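Asker:
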Amino acid sequence: MGQSKMKKTDNQILVIFGASGDLTARKLVPALFNLYLARQLPENFVVLGASRSDMTDEEFRRRVVLESSYLKNKLEDLKDNYITNFSDRFFYEDLGGDYDVDYSRLRKRIESLKEEFNTSGNIIYYLSTPPTLYQTIAKNLAEAGLNTQNNGWKRLIVEKPFGYSLETAKELNAGLQQYFEEHQIYRIDHYLGKETVQNLLVTRFSNSIFEPLWNRNYIHHVEITNAESVGVEKRGGYYDKSGALRDMFQNHLLQIVSLIVMEPPISDAPEHIRNEKVKALKSLRIMKDDKTLHDNTIRAQYMASHIEGGHVKGYREEEGVDPESTTETYAAIKFFVDNWRWRDVPFYVRTAKRMPTKVTEAVIHFKTPHHQIFQDSGMNSKDNKLVIRIQPDEGILIKFGVKVPGQGFKVERANLDFSYSSLAETHVMEAYERLLLDAMQGDATLYARADEVEAAWEFVDPILAYWKNGKDIRMYGYAAGVWGPENADELIDGIGFWRNPGPNLTDDPGFCVIC
Ligand code: BG6
Numbered sequence: 028m029g030q031s032k033m034k035k036t037d038n039q040i041l042v043i044f045g046a047s048g049d050l051t052a053r054k055l056v057p058a059l060f061n062l063y064l065a066r067q068l069p070e071n072f073v074v075l076g077a078s079r080s081d082m083t084d085e086e087f088r089r090r091v092v093l094e095s096s097y098l099k100n101k102l103e104d105l106k107d108n109y110i111t112n113f114s115d116r117f118f119y120e121d122l123g124g125d126y127d128v129d130y131s132r133l134r135k136r137i138e139s140l141k142e143e144f145n146t147s148g149n150i151i152y153y154l155s156t157p158p159t160l161y162q163t164i165a166k167n168l169a170e171a172g173l174n175t176q177n178n179g180w181k182r183l184i185v186e187k188p189f190g191y192s193l194e195t196a197k198e199l200n201a202g203l204q205q206y207f208e209e210h211q212i213y214r215i216d217h218y219l220g221k222e223t224v225q226n227l228l229v230t231r232f233s234n235s236i237f238e239p240l241w242n243r244n245y246i247h248h249v250e251i252t253n254a255e256s257v258g259v260e261k262r263g264g265y266y267d268k269s270g271a272l273r274d275m276f277q278n279h280l281l282q283i284v285s286l287i288v289m290e291p292p293i294s295d296a297p298e299h300i301r302n303e304k305v306k307a308l309k310s311l312r313i314m315k316d317d318k319t320l321h322d323n324t325i326r327a328q329y330m331a332s333h334i335e336g337g338h339v340k341g342y343r344e345e346e347g348v349d350p351e352s353t354t355e356t357y358a359a360i361k362f363f364v365d366n367w368r369w370r371d372v373p374f375y376v377r378t379a380k381r382m383p384t385k386v387t388e389a390v391i392h393f394k395t396p397h398h399q400i401f402q403d404s405g406m407n408s409k410d411n412k413l414v415i416r417i418q419p420d421e422g423i424l425i426k427f428g429v430k431v432p433g434q435g436f437k438v439e440r441a442n443l444d445f446s447y448s449s450l451a452e453t454h455v456m457e458a459y460e461r462l463l464l465d466a467m468q469g470d471a472t473l474y475a476r477a478d479e480v481e482a483a484w485e486f487v488d489p490i491l492a493y494w495k496n497g498k499d500i501r502m503y504g505y506a507a508g509v510w511g512p513e514n515a516d517e518l519i520d521g522i523g524f525w526r527n528p529g530p531n532l533t534d535d536p537g538f539c540v541i542c
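Note that the sequence shown ends on residue 542 in my numbering; no numbers are left out.
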């Protein structure tokens, strides 16, 4: 995994399908540009955009580089020839009306670029198209002989959503594996590209102070919050068919869960890490009966409200959303992990749109010390917590008890924190930048494997089925801008409330004496 080793990246071509779409300009090209600035791109490297729009190379360059609003700030102070040295590597091929065409013209274009720029026949195909096209594109690539590895490696990157259910995910996996081998397929989950998510592994496995406590003997429960202040924005059409569970929980949040739950891998080799993650996901207790599903899952939708004096639409009034929609914008799930380490430790995970702030964090709540000496100290509510802040204000916070100065032994809670922003000298790579570079170097550690994706769906499928057809299933409402429906607090056994974090890691003050 170690990027610091600065591995050499092979010469290659990146072919982006769906190149005229938003993701290319918004995420992929800025990520490539950052790699260019950091001199991380291979010496001989070109990008070939392919999609259904009629565009020249020049038009494509203007759209995604020279006139792109996503690059504007970065380009401002740079010399023209430095910028064109980057944009001149971009080419465009119009596939015609459809992705389901003969790719021999595309093949010719790839071959001529390969000759001209000496890219050695290594190719990444990045599918930034609707998932319904993945298999079609893979098939057409194969039919044009563009998947063979005898003249350079070939890799296929696919975006989420990866399936709509366990069954469709399996179909998709099988469909792609007809044309590409599993080791050639890279399923992107941008949360794995986040430094703080990767740091979960380092926190756990490079410190001897956490791992001995990382189990049912010392951990009371685990709480993960993923909150966004935005609503569904312009993606109502997509979101209404998806919902919070499919959009965030099945992929990003279960990835975080798997890193918290997994056993120590033998080494940091991709397959060692991925094997442990799959095992972790397979150990999540699948909820089968209606009562369990009823008692452990909560879904809700945001409703219209006023935030800072402005009217905010309710979910059902959003563009592209069915006015009678029962799609959840809030999901809270309680579950257990059936293995030696985690037996009886509840996990609480929630994700939602239109919350008071944007924040993602995982909190490990430790148990009260086995024998309490300081009887009147109110320790119960002051047990140790490890807060892993994934975003924003990325960092780690440990809450621990300290003695209040004075007579007797009164205990208060203090903060010990580390903030990534304190590493001023370090360039923290953006998720897509990191993930693209990894794929370019053939490192699949931070990509989801087929069995991993299927294991995640296996857990999620019964919840979706229950929400769709179950008896007594409710859809709660919450005013846009609050922390979800009130009854979600009831999910947290014995404590009765979620930790509602502020935008800054240390917002929640620890005990502090200033004079
Ligand atoms: C995407 C979801 O995968 O992740 C979006 O489709 C969501 O609905 C986004 O807004 C959140 O990503 P981040 O990196 O901003 O937390």
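Ideal Cβ placement from N, Cα and C applies to all residues, glycine included.
The structure presented is a predicted model; accordingly, all values stated were derived computationally and were not measured.
Express the C-alpha separation of G148 and V42 in angstroms, rounding to a whole number.
Answerer: The alpha-carbon atoms of V42 and G148 are separated by roughly 12 Å.
Asker: Look at the Cβ atom of L272, then the Cβ atom of V288, and state whether they are nearer than 9 Å.
Answerer: No, the Cβ-Cβ distance between L272 and V288 is not below 9 Å.
Asker: Report the three-state DSSP secondary structure of Y191 (helix, strand or coil).
Answerer: Three-state result, Y191: coil.
Asker: Less than 8 Å between the CB atoms is what I'm expecting for L443 and I425, so what's the real figure, rounded?
Answerer: Yes, they are in contact, since the Cβ atoms of L443 and I425 sit about 4 Å apart, within 8 Å.
Asker: At the level of alpha carbons, what is the spacing between A492 and K498?
Answerer: Computed Cα separation, rounded: 11 Å.
Asker: Measure the C-alpha to C-alpha separation of V509 and V386 and round it to an integer number of angstroms.
Answerer: Going from the Cα of V509 to the Cα of V386 covers about 13 Å.
Asker: Is the CB-CB distance between L308 and V284 below 9 Å?
Answerer: Contact flag set, yes.
Asker: Using a Cβ-based criterion (distance less than 8 Å to any ligand heavy atom), does V509 qualify as near the ligand BG6?
Answerer: V509 Cβ: outside cutoff for every heavy atom of the ligand BG6.
Asker: Using 8 Å as the cut-off, classify the Cβ of Y161 as near or not near the heavy atoms of the ligand BG6, replying yes or no.
Answerer: No, the beta carbon of Y161 sits no closer than 8 Å to any heavy atom of the ligand BG6.
Asker: Quick check for students: name the residue ranges of the alpha helix (DSSP H) that lie wholly in the segment 62-137, counting only runs of 4 or more.
Answerer: The segment 62-137 contains these whole alpha helix (DSSP H) runs: 84-88, 99-102 and 107-114.
Asker: When every heavy atom of the ligand BG6 is checked, does at least one fall within less than 8 Å of the C-beta of E303?
Answerer: No; taking the cut-off as 8 Å, the Cβ of E303 has no heavy atom of the ligand BG6 nearer than that.
Asker: Are there any heavy atoms of the ligand BG6 lying less than 8 Å away from the beta-carbon of H279, as far as the coordinates show?
Answerer: Yes, the Cβ of H279 comes within 8 Å of a heavy atom of the ligand BG6.
Asker: Leaving aside the five residues before and after F113 along the sequence, list all residues of the same chain whose C-beta is less than 7 Å from its C-beta, in chain order.
Answerer: Taken in chain order, the residues that qualify are F60, Y63 and V92.
Asker: What beta strand (DSSP E) runs, 3 residues minimum, are completely inside the segment 147-194?
Answerer: Here the runs fully enclosed are 150-154 and 181-185.
Asker: Applying the criterion that 16 or more other CB atoms from any shown protein chain within 10 Å of the CB defines a buried residue, is S95 buried or exposed?
Answerer: Its Cβ being crowded by 16 or more others within 10 Å, S95 is buried.
Asker: Is any non-hydrogen atom of the ligand BG6 found closer than 8 Å to the C-beta of E222, if you look at the structure I gave you?
Answerer: Not so, every heavy atom of the ligand BG6 lies at least 8 Å from the Cβ.
Asker: Quick check on H210: buried or exposed, where buried means 16 or more other Cβ atoms within 10 Å of its Cβ?
Answerer: When all chains shown are included, H210 counts as exposed.
Asker: Going by the DSSP bridge assignment, what does L424 pair with across the sheet?
Answerer: Paired residues: V414 and D444.
Asker: For T353 and M502, I'd like the C-alpha separation in whole angstroms.
Answerer: Computed Cα separation, rounded: 7 Å.
Asker: For the ligand BG6, is there any heavy atom lying closer than 8 Å to the beta carbon of T384?
Answerer: Result no, Cβ not under 8 Å from the ligand BG6.
Asker: Kindly confirm or deny that the segment 355-363 and the segment 223-231 touch, where touching means at least three C-beta pairs closer than 8 Å.
Answerer: As far as the Cβ criterion goes, the segment 355-363 does not touch the segment 223-231, which means the pair count is below three.
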